[in-house]
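Residue numbers (this note's numbering): 84 to 359. A short worksheet on the structure shown next.
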């Protein structure tokens, strides 16, 4: 079965192990009591967040009563979870909950994203990124090196997403506030808007803005992204961040609701070139 990259392999393996556990009627506590893995480690494995060792997979399959063919197939998948993405080089500034997103972003075939306050990371200029991170730590005079690491991460993420061999279809809807807010000052923001217009001229990118005159809209509760994948057994994901982490939604009903919301705001938005 075709799979792409460690992130996708980890998700596939995690889902299959979780399905095996649930079919076997085993709880997370029972797995821990059997001294196979801790509940925390099991959650990270089933969520697709970490590489998985082959002995752990075989032990779990034995505990769940899986047959030899299934066990061998999942053990082979485990080998593919050990790969490292380019973002691992930024482990000092990338939290674990965001590493999964960057990995998913790198293999998605279509991404639809809404943001009301912020220009999305892959579209930011370097000066805009610096201003965003400086605003979060205005009194820290020694954070310059860390900020530059974030800038380098943004640059590489932009390259990976916008200029890969088979780039995904990208649709960004921004609220007017994300364009009007003078992040870094007028010159920085002018350069940022010009970069948005430049990216919007790429064949696979669409950037639109919801004007203030549009009034209330369906996405006012917050930013989100919908990621779609080519493989039918690699489910689509809705992603959104909180102040302390992120959430990943995979239920069909949840994804459909966010698709409905995106369609509504997309109708209200105008191309970035037409926005004053």
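Note that beta-carbon positions come from the ideal geometry of N, C-alpha and C, so glycine has one too.
Whole-angstrom distance between residue j and residue i, CA atom to CA atom
i           : j           : result
residue 261 : residue 293 : 10 Å
residue 344 : residue 300 : 9 Å
residue 249 : residue 220 : 37 Å
residue 100 : residue 148 : 12 Å
residue 297 : residue 357 : 14 Å
residue 230 : residue 179 : 18 Å
residue 214 : residue 324 : 20 Å
residue 312 : residue 188 : 10 Å
residue 242 : residue 225 : 28 Å
residue 153 : residue 334 : 25 Å
residue 256 : residue 201 : 11 Å
residue 217 : residue 195 : 28 Å
residue 102 : residue 109 : 10 Å
residue 246 : residue 112 : 45 Å
residue 278 : residue 206 : 7 Å
residue 331 : residue 184 : 9 Å
residue 115 : residue 263 : 52 Å
residue 268 : residue 336 : 42 Å
residue 84  : residue 287 : Low per-residue confidence applies at residue 84: pLDDT is 30, beneath 50, and the placement is therefore not dependable, though the value from the model is reported in the following sentence. Taking the straight line from one Cα to the other gives about 27 Å.
residue 223 : residue 276 : 28 Å
residue 123 : residue 138 : 18 Å
Among the options, nearest to residue i - alpha-carbon criterion
i           : options            : result
residue 90  : 286, 359, 299, 166 : 166
residue 352 : 268, 332, 289, 319 : 289
residue 136 : 159, 115, 147      : 159
residue 327 : 181, 228, 120      : 181
residue 172 : 235, 204, 223, 124 : 235
residue 354 : 336, 240, 284, 329 : 284
residue 348 : 233, 254, 314, 143 : 254
residue 228 : 176, 107, 104, 128 : 176
residue 346 : 309, 94, 359       : 309
residue 146 : 164, 117, 163      : 117
residue 127 : 150, 245, 95, 286  : 95
residue 170 : 269, 244, 268      : 244
residue 302 : 174, 350, 138      : 350
residue 291 : 359, 314, 222      : 359
Within 7 Å, strictly: CB atoms of residue i and residue j
i           : j           : result
residue 237 : residue 212 : yes
residue 252 : residue 193 : yes
residue 133 : residue 161 : no
residue 130 : residue 97  : yes
residue 210 : residue 271 : yes
residue 307 : residue 197 : yes
residue 259 : residue 295 : yes
residue 151 : residue 119 : no
Cut-off 6 Å between Cβ atoms - residues of its own chain near residue i, not counting five sequence neighbours on either side
i           : result
residue 186 : 90, 168
residue 360 : In this structure the chain extends from 84 to 359, so residue 360 is not present and cannot be described.
residue 329 : 180
residue 104 : 147
residue 107 : 147, 148
residue 314 : none
residue 432 : This structure cannot settle anything about residue 432, because the visible part of the chain is limited to 84 through 359.
Other residues of its chain near residue i: CB distance less than 8 Å, five sequence neighbours each side excluded
i           : result
residue 305 : 199, 323
residue 155 : none
Rounded distance between the beta-carbons of residue j and residue i, thought under 8 Å
i           : j           : result
residue 144 : residue 157 : 6 Å
residue 93  : residue 164 : 5 Å
Same chain, Cβ closer than 7 Å to residue i, five either side skipped, listed in chain order
i           : result
residue 204 : 237, 240
residue 280 : 355, 356
residue 174 : none
residue 340 : none
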